[in-house]
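In the numbering used here, the protein residues as written are 39 to 192. Note that the Cβ used here is the ideal one computed from N, Cα and C, for glycine as well.
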Amino acid sequence: MLFYLLYPPINVVQYITFRTAAAGLTAFLISLLMGPWMIRTLREFQVGQVVRDELSTTHQLKAGTPTMGGLLTLAATLVPTLLWSDLTNAYIWVAILSTVAFGLVGFLDDYLKIGRQNHRGLPPLYKLFGQCVVGAGVGLALLWMSGRGLYSTE
39 MLFYLLYPPI NVVQYITFRT AAAGLTAFLI SLLMGPWMIR TLREFQVGQV VRDELSTTHQ
99 LKAGTPTMGG LLTLAATLVP TLLWSDLTNA YIWVAILSTV AFGLVGFLDD YLKIGRQNHR
159 GLPPLYKLFG QCVVGAGVGL ALLWMSGRGL YSTE
């Protein structure tokens, strides 16, 4: 978005190195500003890690640690990407959609942990299946976008 708004007046925006640095700074600021607020909000809603009873006392200290931290990671990744990347590039959209899809798998895992109030979220085979489906989708999208055969070098 900023790429289109700033490109003609500020010529430095055309360089991917500048946009990468700007996106990194934006991600850092989002993490810095939203992190404490998100942790506080998750604690208020009692969205915490459930720890098994049979584990050691040092591991018991993790009880109540806010879960769903991936939401902050997604925000700190997707917002700068949407702000600083060239959104006409189809590969950017593949990266955005795959990030969101993997984020949904992680969200479902955390949501099930919270809903069931135990340490088990999404069963490992289901999680692996979801990740394989996303990976296969990304692979097929990239193969289709290349417009070449599977073993082409042209």
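Return helix, strand or coil for residue i, following the three-state DSSP convention.
i                 : result
leucine 125       : coil
phenylalanine 56  : helix
phenylalanine 66  : helix
asparagine 156    : coil
methionine 76     : helix
proline 118       : helix
methionine 106    : coil
proline 161       : coil
isoleucine 130    : helix
glycine 141       : helix
phenylalanine 167 : helix
glycine 185       : coil
By how many angstroms is the C-alpha of residue j removed from the C-alpha of residue i?
i              : j                 : result
glycine 107    : valine 172        : 21 Å
glutamate 82   : serine 184        : 47 Å
leucine 63     : valine 176        : 27 Å
leucine 40     : serine 136        : 22 Å
glycine 168    : glycine 144       : 10 Å
leucine 160    : phenylalanine 140 : 13 Å
leucine 180    : tyrosine 129      : 8 Å
glutamine 155  : tryptophan 122    : 39 Å
leucine 110    : glycine 73        : 7 Å
valine 50      : lysine 151        : 46 Å
tryptophan 182 : cysteine 170      : 18 Å
alanine 59     : leucine 43        : 18 Å
State buried or exposed for residue i, treating a residue as buried only when at least 16 other CB atoms are found within 10 Å of its CB.
i             : result
glycine 57    : Note that residue 57 corresponds to arginine in the displayed sequence, not to glycine. Its Cβ being crowded by 16 or more others within 10 Å, arginine 57 is buried.
proline 118   : buried
alanine 174   : exposed
aspartate 124 : exposed
glycine 153   : exposed
tryptophan 75 : exposed
leucine 166   : exposed
Looking at the ligand NAP, does it come within less than 8 Å of residue i, judged from the CB to the closest heavy atom?
i          : result
valine 172 : This structure lacks the ligand NAP; in fact it carries no ligand of any kind.
Are residue i and residue j close, meaning C-beta to C-beta below 9 Å?
i           : j             : result
leucine 116 : valine 138    : yes
alanine 114 : alanine 65    : yes
leucine 80  : threonine 105 : yes
Does the beta carbon of residue i come closer than 9 Å to any beta carbon on chain C?
i           : result
alanine 139 : Going by chain labels, chain C is absent from the structure shown, which holds only one protein chain.
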